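**Q** Provided herewith is a single structure, encoded as structure tokens, for subsequent inquiry.
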Amino acid sequence: MTQLFPWLALSAGAAIAIQAGMNARLGVVLGNTMLGTSIAFAVACLASLLVLVLQRSELPGIGRVGSVPVYLWWGGVISAFGVGLLYFLIPRMGMGPMTSFALTGQIVLAVICSHFGWFDQPVRPINGTRLVGMVVLVAGVSLIYWEKT
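In this text, residue positions in the sequence shown follow the numbering used here: the first is 901, and each later residue adds one.
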């Protein structure tokens, strides 16, 4: 099963690229990026709720919901900010450059989060190889989209 995970991750990445382009265009057509973002989140919420109902899994009690650390509830706010910003940038930068820079930011921060074990994630210390990889990643994306002014 774990051999399937990288393929699922690639599929998730492809889905994110497709939805980002579609939802950015929705904001352009509507003339308001945040309206497009809000509609995308509303539809995603409905789709998530449908899957939740179809799963028929047991939901946590109110005590468990109340025990969630406060900072975790901010994930939705950060998501709305990040996704809204992507939808704003795609029509201005293009999907390729925006996605490249966004993924670079995600990877660099993910390596830092893993190093410190933030959000109860497994700790994977930054070593020389990972550091070189991050530098090469940032340099590569910068070179690909370098334009002389």
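Here a beta-carbon is modelled for each residue, glycine too, at the ideal position from N, C-alpha and C.
Treat the numbers as computed from the prediction; the structure is a model and nothing was measured.
Can you tell me which of the three DSSP states Gly-976 falls into?
**A** helix
**Q** By how many angstroms is the C-alpha of Gly-994 removed from the C-alpha of Ile-1044?
**A** 14 Å
**Q** Taking C-beta to C-beta, are Met-998 and Leu-986 nearer than 8 Å?
**A** When the beta-carbon positions are compared, Met-998 and Leu-986 come within less than 8 Å of each other.
**Q** Since I believe Val-1036 is in contact with Ile-1026 (beta carbons under 8 Å), could you give me their beta-carbon distance rounded to a whole number of angstroms?
**A** Taking a contact as a CB-CB distance under 8 Å, the pair Ile-1026 and Val-1036 does not count as one, their CB atoms being some 14 Å apart.
**Q** Got a sec? Which residues, its chain only, sit under 8 Å from Ala-917 by beta carbon, not counting five neighbours each side?
**A** Met-995, Thr-999
**Q** Going by the beta-carbon positions, is the gap between Val-953 and Phe-1001 smaller than 8 Å?
**A** no
**Q** Just checking my contact of Ile-990 with Ala-944 at CB under 8 Å: how many whole Å lie between their CB atoms?
**A** With a Cβ gap of about 17 Å, Ile-990 and Ala-944 do not count as contacting.
**Q** Would a C-beta distance cut-off of 8 Å place Gly-936 and Leu-949 closer than the cut-off?
**A** no
**Q** Need the endpoints of the alpha helix (DSSP H) that Gln-1006 sits in, please.
**A** Note, Gln-1006: alpha helix (DSSP H), 995–1016.
**Q** Enumerate, from N- to C-terminal direction, the unbroken alpha helix (DSSP H) stretches of 4 or more residues contained entirely within the stretch 934–983.
**A** 962–966
**Q** How would you write the range of the alpha helix (DSSP H) that Phe-905 sits in, first residue to last?
**A** 905–930
**Q** Can you give the Cα-Cα distance for Val-977 and Trp-1046, rounded to whole angstroms?
**A** Counting only the Cα atoms, Trp-1046 lies some 32 Å from Val-977.
**Q** Expressed to the nearest angstrom, what Euclidean distance is found between the alpha-carbon atoms of Leu-908 and Gly-921?
**A** 20 Å
**Q** Leaving aside the five residues before and after Val-1038 along the sequence, list all residues of the same chain whose C-beta is less than 8 Å from its C-beta, in chain order.
**A** Result list for Val-1038: Thr-1004, Val-1008, in chain order.
**Q** Between the C-alpha atoms of Phe-941 and Trp-973, what's the straight-line distance to the nearest angstrom?
**A** Trp-973 has its alpha-carbon roughly 16 Å from the corresponding atom of Phe-941.
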